[in-house]
């Protein structure tokens, strides 16, 4: 059985200079027991002070986190996590660590047809860009084990001036929107594509604005959702060190 | 119920206030739920209050309000404002369409830690 996308819902909060504690995002409409429910949040950290990673909520499982980078002012933090949905799910309150002053966005989305070991390859990457009216962000390749898998790309970034005019997902992927605070603030977008076994190269996200100097902080989590199939072996998860700014780490 | 609840400036002693309930809005005439509080000689302490907002579908947030909240440029605020947008969804029944979720009510609660004078407003904008 191939993995299928089953809807999304987004939340966007402006904490207004207060210290955010939580952002709650509800399940996508019609979420059914047994479906794979993913929640991701992306938060700016104004002031440049360090904070710890966003928590994995009780009953949830980590996919990947974008963690604060020492020495990077106004950096972002965030995390993607998942659970297998129960019979009646309500909104999940995601951690903000009492540290987010302004912008906090979240998205929740679901898949059906996933394997009991739902995640295959996972890559987390961060970058810093700026100075151009068009920015691109290239998620790393995924090693796909089975036909009928779903490749998922999450892009988070900080918008520092006027709203963007174009957000294009990687070629062949279908975009779904996460939250966006406006006009200055955080953005999170997702995209998905059914894929077959082999190396999958997602191509680029393209973000375009009619000004320069925007989208200076970028993060991505790219992962494979494995389909229900016999003979799918659990993957061995081997963290490796981050490869500095703009690099990626395969989990 | 209204789409805006506005109270005149008054002193709020420590304690729980609300819920302040809104329901006279739709996704077609509102983009967000906003809570604002005028800052009237608040004490210079880390937190004077905590604001919690929940939309009908469970979306929401919780934020601690500093005694001296700052604007992005570092200047002092005269009115503290926080907000949550009406959620955007891609419904499985209409997979090609993304639109605001059909949310028609919201509640806000305020827990005050230090006595403050403020004019509190909760509204759909």
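Protein chains in written order, with my numbering: chain G, 16 to 266; chain C, 9 to 133. A virtual CB, placed ideally from N, CA and C, is assigned to each residue, including glycine.
Query                                                                                                                                                                                : Result
Beta strand (DSSP E) containing residue 37 of chain G: first to last residue?                                                                                                        : 34 to 40
Could you give the residue range of the beta strand (DSSP E) that holds residue 75 of chain G?                                                                                       : Counting along the chain, residue 75 of chain G falls outside any beta strand (DSSP E), and DSSP gives it neither H nor E.
Would you kindly check if the distance between the Cβ of residue 116 of chain C and the Cβ of residue 38 of chain C is under 8 Å?                                                    : no
Taking just the CA atoms, how far does residue 94 of chain G sit from residue 128 of chain C?                                                                                        : 33 Å
Taking DSSP's pairing of strands, which residues face residue 20 of chain G in a bridge?                                                                                             : G/126
From this set, G/86, G/110, G/34, G/200, which residue's C-alpha is nearest residue 56 of chain G's C-alpha?                                                                         : G/110
Determine, using beta carbons only, whether residue 106 of chain G comes closer than 8 Å to chain C.                                                                                 : yes
Use the C-beta contact count for residue 188 of chain G: other C-beta atoms within 10 angstroms, 16 or more gives buried, fewer gives exposed.                                       : buried
Which residue from G/120, G/163, G/216, G/195 puts its Cα closest to that of residue 154 of chain G?                                                                                 : G/216
Kindly indicate if chain C contains any beta-carbon less than 8 Å away from that of residue 245 of chain G.                                                                          : Interpretation of residue 245 of chain G is limited by its pLDDT of 46, a score under 50 that renders its predicted location unreliable; no figure is taken from the coordinates.
Mind the definition here: the stretch 93 to 109 of chain C touches the stretch 17 to 32 of chain C only if three or more C-beta pairs lie below 8 Å; say whether that holds.         : no
When Cβ atoms are compared, which residues of the stretch 27 to 44 of chain G fall closer than 9 Å to chain C?                                                                       : 27, 28, 29, 30, 31, 32, 33, 34, 35, 36, 37, 38, 39, 40, 41, 42, 43, 44
Kindly list, in the order they appear in chain G, the residues whose Cβ is closer than 8 Å to that of residue 97 of chain C.                                                         : 22, 23, 24, 25, 43, 44
Anyone know if the C-beta pair for residue 47 of chain C and residue 87 of chain C falls short of 8 Å?                                                                               : yes
In its own chain, which residues sit with a C-beta less than 8 Å from the C-beta of residue 16 of chain G, not counting the 5 before and 5 after it?                                 : 128, 163, 242, 243, 244
Using the Cα positions of residue 104 of chain G and residue 60 of chain G, report the straight-line distance between them to the nearest angstrom.                                  : 30 Å
Just tell me which of G/46, G/182, G/214, G/212 has its CA closest to the CA of residue 203 of chain G.                                                                              : G/182
Could you check the C-alpha separation between residue 248 of chain G and residue 19 of chain G for me, to the nearest Å?                                                            : Annotation note: pLDDT 48 at residue 248 of chain G (below 50); position unreliable, coordinate value reported separately. Those two C-alpha atoms are separated by around 21 Å.
Can you tell me which of G/172, G/208, G/192, G/220 puts its alpha carbon nearest to the alpha carbon of residue 200 of chain G?                                                     : G/172
Have a look at residue 159 of chain G and residue 69 of chain G and give me their C-alpha separation to the nearest angstrom.                                                        : 28 Å
Helix or strand or just coil, what does DSSP make of residue 86 of chain C?                                                                                                          : coil
Is there at least one Cβ from chain C nearer than 8 Å to residue 192 of chain G's Cβ?                                                                                                : yes
For the beta strand (DSSP E) holding residue 50 of chain C, just list the boundary residues, first then last.                                                                        : First-last for residue 50 of chain C: undefined, no H or E at that position.
Return the chain-ordered list of same chain residues with a C-beta closer than 8 Å to the C-beta of residue 24 of chain G, the five sequence neighbours on each side being excluded. : 40, 41, 42, 43, 44, 122, 123, 124
Residue 117 of chain G CB to nearest chain C CB: under 8 Å?                                                                                                                          : yes
If we cut at 8 Å on Cβ distances, does residue 88 of chain C have a partner in chain G?                                                                                              : yes
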